[in-house]
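Asker: Encoded as structure tokens, here's the structure I'll be asking about.
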Amino acid sequence: KRIGYGRVEGPIKFVEKRVKGFMFDCRMCGQCVLSSTGMSCPMNCPKQLRNGPCGGVRANGNCEVEPDMPCVWVKAWEGSRNMVHGDKILDVQKPVDQSLRETSAWLRVTAQAAAAREAARNVPKPGAPA
Numbered sequence: 022k023r024i025g026y027g028r029v030e031g032p033i034k035f036v037e038k039r040v041k042g043f044m045f046d047c048r049m050c051g052q053c054v055l056s057s058t059g060m061s062c063p064m065n066c067p068k069q070l071r072n073g074p075c076g077g078v079r080a081n082g083n084c085e086v087e088p089d090m091p092c093v094w095v096k097a098w099e100g101s102r103n104m105v106h107g108d109k110i111l112d113v114q115k116p117v118d119q120s121l122r123e124t125s126a127w128l129r130v131t132a133q134a135a136a137a138r139e140a141a142r143n144v145p146k147p148g149a150p151a
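Numbered according to our numbering, the sequence shown spans residues 22 to 151.
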């Protein structure tokens, strides 16, 4: 908060892009849903579908657009079975906000959580003087 969002985004984005790129082939959409998609980045889908397979998955589980590539969503469903909150894969995702591309999802989530904590602190307690 004291340093400022703008000053820390560059270094955090640098680290996030490399870590998530290496581990999850992240495309830096700025709205990371890895925790809802079995740690499989839906932006790797050639159709960039955010809400499940297109219906063209081949019998072997590969993509209809890229026949040699395993379907991102088949991998997502398999991965979600191993996660504590694997049922989050059923949540409908909003379309990608292209204005957030190449920005840090880590920093955005952290800032939103901090704002929620601050707002909760400012809620008057029942019975407390106003």
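Backbone N, C-alpha and C fix where the C-beta goes; we use that ideal spot for every residue, glycine too.
Quick caveat: nothing in here was measured; it's all calculated off a predicted structure.
Could you give the uninterrupted runs of the alpha helix (DSSP H) lying entirely in the region 74–135, keeping only those of 4 residues or more?
Answerer: As far as the region 74–135 is concerned, its whole alpha helix (DSSP H) runs of at least 4 residues are 93–101.
Asker: For Pro-88 and Ala-137, I'd like the C-alpha separation in whole angstroms.
Answerer: The alpha-carbon atoms of Pro-88 and Ala-137 are separated by roughly 44 Å.
Asker: Any idea if Ile-24 is buried or exposed, counting beta-carbon neighbours within 10 angstroms, 16 or more meaning buried?
Answerer: The residue in question, Ile-24, is exposed, as its Cβ has fewer than 16 Cβ neighbours within 10 Å.
Asker: Using only alpha-carbon positions, find the residue among Cys-53, Arg-79, Ala-135, Asn-83 that is nearest to Arg-122.
Answerer: The residue with the shortest Cα to Cα distance from Arg-122 is Cys-53.
Asker: From this set, Gly-107, Pro-91, Ala-126, which residue's C-alpha is nearest Glu-30's C-alpha?
Answerer: It is Ala-126 whose Cα lies nearest to the Cα of Glu-30.
Asker: Considering Met-44, what are the terminal residues of the alpha helix (DSSP H) in which it resides?
Answerer: 26–45 is the extent of the alpha helix (DSSP H) around Met-44.
Asker: Between the alpha carbons of Val-86 and Ala-140, how many angstroms are there, rounded?
Answerer: If you take the alpha carbons of Val-86 and Ala-140, they lie about 46 Å apart.
Asker: Pull up the distance between the alpha-carbon of Thr-131 and that of Glu-37, whole angstroms please.
Answerer: Taking the straight line from one Cα to the other gives about 13 Å.
Asker: Taking the straight line between their C-alpha atoms, what separation do you get for Asp-118 and Cys-47?
Answerer: Their backbone Cα atoms lie some 16 Å apart in a straight line.
Asker: Can you check which of these residues, Met-44, Lys-109, Met-90, is closest to Thr-58 by C-alpha distance?
Answerer: If we check each option's Cα against that of Thr-58, Lys-109 comes out closest.
Asker: So what's Pro-63 in DSSP terms, helix, strand or just coil?
Answerer: DSSP places Pro-63 in helix when its eight states are reduced to three.
Asker: Could you tell me if Met-44 is buried or exposed, where buried requires 16 or more neighbouring beta carbons within 10 angstroms of its beta carbon?
Answerer: Burial call: exposed.
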